[in-house]
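Peer 1:
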Amino acid sequence: MRVGAFLLAWLLAAALPALAYETDQYSHRLDTLTDSLPLMDRIVNAALQRVAADWQGPQDDLLLARRVYFALGGHYWVDRVEHTATQSERIDRTPADFPQSVYAAAGPLEGRVTWLFGVGPSIQLGGTLIGVDKFGHFFSQGFKYYRRYIFDGRQVSPALLRQGALVEGGYFGMVTTGVYSNADIVANYEGLRFYRNLLEDVDGRGALFAWRDGRPALQRAFSWQNYVNDFWDEALNGSSLTPGMERIVRERLAALCERYRGAPMSRLRARNREGLVRRYAEIGMRPASIPEIGAVCEGGSGGGR
């Protein structure tokens with residue numbers, strides 16, 4: 123068993139550039155964090171302005187999306203905006219503290235990458251607590267969705283949505299962390315909506331850019347409020363877990379519920395849950411192993427939405 127654990131650790135470390143890490147929105151829900159929405163909006167808008175100002179090349183929708191992706195995402199394991207959210211002194215974050223996280227009891231066989239590399243921090247964004255990894259899902263996975271959307275004739279096809287489920291069920295989720303994050307799937311899908319919204323009206327919201335004389339002209343400002351909601355929060359939009367990870371998280375939640383006794387339910391329950399369930403019914407979310415933290419702390423058990 124010990125040899126197997128070390129072999130697993132070595133294989134996961136060798137595959138690091140292809141892997142994801144987990145974040146923990148259970149453990150610091152009552153921390154007072156400065157909301158990062160204004161700053162994160164400015165970062166994205168500045169990048170969009172640079173893309174427009176520096177434009178060279180033909181009028182091409184996919185090329186514009188790719189330039190935006192390079193400005194905000196990138197080729198590397200940690201995207202540009204994700205790196206800023208993780209490192210910037212201007213952004214208030216929860217501690218990235220694996221020993222105090224809900225995954226702390228996970229060994230190498232249960233926790234896998236999480237055991238090796240710990241957890242990432244979370245920030246407040248428009249009143250929602252989100253893991254900084256969601257920026258990578260939004261920009262990088264969202265771009266991959268969008269590329270498939272273009273190749274499929276600008277259709278949000280079942281095959282496109284299966285693509286995200288396969289990734290989350292594989293090396294960017296269940297295989298490497300023991301967690302299939304429904305919140306990741308939501309961020310992926312909202313990233314697709316963002317890239318579509320670069321040049322299309324989406325859900326009644328006008329396009330961010332328009333082509334003028336072969337160049338992209340920015341028409342309006344971006345805001346995360348148009349994309350982020352409580353289903354980006356993994357404590358409110360529960361994940362599908364391996365049996366070992368589910369046991370570990372449930373045991374930790376028993377202690378956390380004592381800490382949260384008397385806390386406002388607004389901090390423990392998703393706003394507009396029924397509407398969000400309808401909105402994301404077809405995007406590849408799996409039944410949650412553990413319901414939202416408010417239901418757990420009120421005595422709820424089991425999975426489901």
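Numbering of the sequence shown is given in this note's numbering, commencing with residue 123 and proceeding in unit increments.
By construction, the Cβ of each residue, glycine as well, lies at the ideal position given by its N, Cα and C atoms.
When the Cα of Arg408 is compared with those of Leu283, Cys419, Trp333, which residue comes out closest?
Peer 2: When only C-alpha atoms are compared, the closest one is Leu283.
Peer 1: Name the DSSP bridge partner or partners of Tyr302?
Peer 2: Bridge partners of Tyr302: Ser362.
Peer 1: Pairing CB atoms from the region 265–282 with CB atoms from the region 161–178, are three or more of them under 8 Å?
Peer 2: Verdict: no, contact absent.
Peer 1: To the nearest whole angstrom, what separates the beta carbons of Ser244 and Arg212, a pair I think is in contact under 8 Å?
Peer 2: Contact doesn't hold; Cβ gap of about 16 Å is too wide.
Peer 1: Within the 8 Å Cβ cut-off, does Arg389 reach chain C?
Peer 2: Included in the structure is just one protein chain, with no chain C present.
Peer 1: If we ignore side chains and look at the alpha-carbon of each, how far apart do Asp146 and Leu314 end up?
Peer 2: Rounded to whole angstroms, Asp146 to Leu314 spans 24 Å at the Cα level.
Peer 1: Grab me the residues of Gly195's own chain with a C-beta within less than 8 Å of its C-beta, minus the 5 sequence neighbours each way, in chain order.
Peer 2: The residues are Asp201, Arg202, Val203, Gly258, Phe261, Ser262, Phe265.
Peer 1: Taking buried to mean at least 16 other C-beta atoms within 10 Å of its own C-beta, is Asp355 buried or exposed?
Peer 2: Its Cβ being crowded by 16 or more others within 10 Å, Asp355 is buried.
Peer 1: In chain order, what residues of the same chain lie with their CB nearer than 8 Å to the CB of Pro180, ignoring the 5 residues before and after it?
Peer 2: Once the five neighbours on either side are set aside, the close Cβ partners of Pro180 are Gly336.
Peer 1: Out of curiosity, what's the CA-to-CA distance linking Val324 and Glu312?
Peer 2: Each residue's alpha carbon lies about 11 Å from the other.
Peer 1: With DSSP as the reference, please indicate the residues paired to Ser244 in a beta bridge.
Peer 2: Note: Ser244 sits in a beta bridge opposite Gly253.
Peer 1: What's the call for Gly421, buried or exposed, on a 16-neighbour Cβ count within 10 Å?
Peer 2: By the 10 Å Cβ count, Gly421 comes out exposed.
Peer 1: Let's test the definition: count the other Cβ atoms within 10 Å of the Cβ of Arg400 and tell me whether it reaches 16, buried, or not, exposed.
Peer 2: When all chains shown are included, Arg400 counts as exposed.
Peer 1: CB Gln246 to CB Asp157, shorter than 8 Å?
Peer 2: In contact: Gln246 and Asp157 (Cβ atoms closer than 8 Å).
Peer 1: Should Arg381 be labelled buried (16 or more other beta-carbon atoms within 10 Å of its own) or exposed?
Peer 2: Its Cβ having fewer than 16 others within 10 Å, Arg381 is exposed.
Peer 1: Do you know offhand how far Leu161's Cα is from Gly249's?
Peer 2: Distance between the alpha carbons of Leu161 and Gly249 is about 14 Å.
Peer 1: State the Cα-Cα distance for the pair Glu322 and Ala329, rounded to the nearest angstrom.
Peer 2: Spanning the two alpha carbons is a distance of roughly 5 Å.
Peer 1: According to DSSP, which residues form a beta bridge with Val324?
Peer 2: Answer is Arg327.
Peer 1: Does DSSP put Thr145 in a helix, a strand or coil?
Peer 2: Note: Thr145 maps to strand in three-state DSSP.
Peer 1: DSSP on Pro413, reduced to helix/strand/coil?
Peer 2: It is coil, neither helix nor strand.
Peer 1: Nearest-angstrom Cα distance between Leu390 and Pro338?
Peer 2: Answer to the nearest angstrom: the Cα atoms are 42 Å apart.
Peer 1: Which ranges does the alpha helix (DSSP H) cover as unbroken runs of at least 4 residues, wholly within the region 150–226, from first to last along the chain?
Peer 2: Those alpha helix (DSSP H) runs which fall completely within the region 150–226 and span 4+ residues are 159–175, 183–194, 202–209.
Peer 1: Tell me which residue opens and which closes the beta strand (DSSP E) that Arg337 is part of.
Peer 2: Looking at the DSSP string, the run of the beta strand (DSSP E) that includes Arg337 is 337–340.
Peer 1: In chain order, what residues of the same chain lie with their CB nearer than 6 Å to the CB of His150, ignoring the 5 residues before and after it?
Peer 2: Only Thr216 meet the Cβ criterion.
Peer 1: Between the Cα of Met367 and the Cα atoms of Asn348, Val301, Ala385, which residue gives the shortest distance?
Peer 2: Taking only the C-alpha atoms, the option nearest Met367 is Val301.
Peer 1: With DSSP as the reference, please indicate the residues paired to Ala332 in a beta bridge.
Peer 2: Ala339, per the DSSP bridge assignment.
Peer 1: Could you round the C-beta distance between Asp163 and Phe344 to whole angstroms and report it? I think they count as a contact, below 8 Å.
Peer 2: Contact flag correct, Cβ pair sits at about 7 Å.
Peer 1: Answer with buried or exposed for Ala137, where buried requires no fewer than 16 other C-beta atoms within 10 angstroms of its C-beta.
Peer 2: With a pLDDT of only 43 at Ala137, under 50, the local geometry of the prediction cannot be trusted, and the value read off the model is given with reservation. With fewer than 16 other Cβ atoms within 10 Å, it is exposed.
Peer 1: In the DSSP assignment, the alpha helix (DSSP H) including Glu404 goes from what residue to what residue?
Peer 2: No alpha helix (DSSP H) contains Glu404, which DSSP labels as neither H nor E.
Peer 1: What would DSSP say about Pro386, mapped onto helix, strand or coil?
Peer 2: Coil.
Peer 1: Which residue's Cα is closest to the Cα of Asp153: Ala403, Ala385, Cys419, Phe353?
Peer 2: Looking at the Cα atoms, Ala385 is the closest of the given residues.
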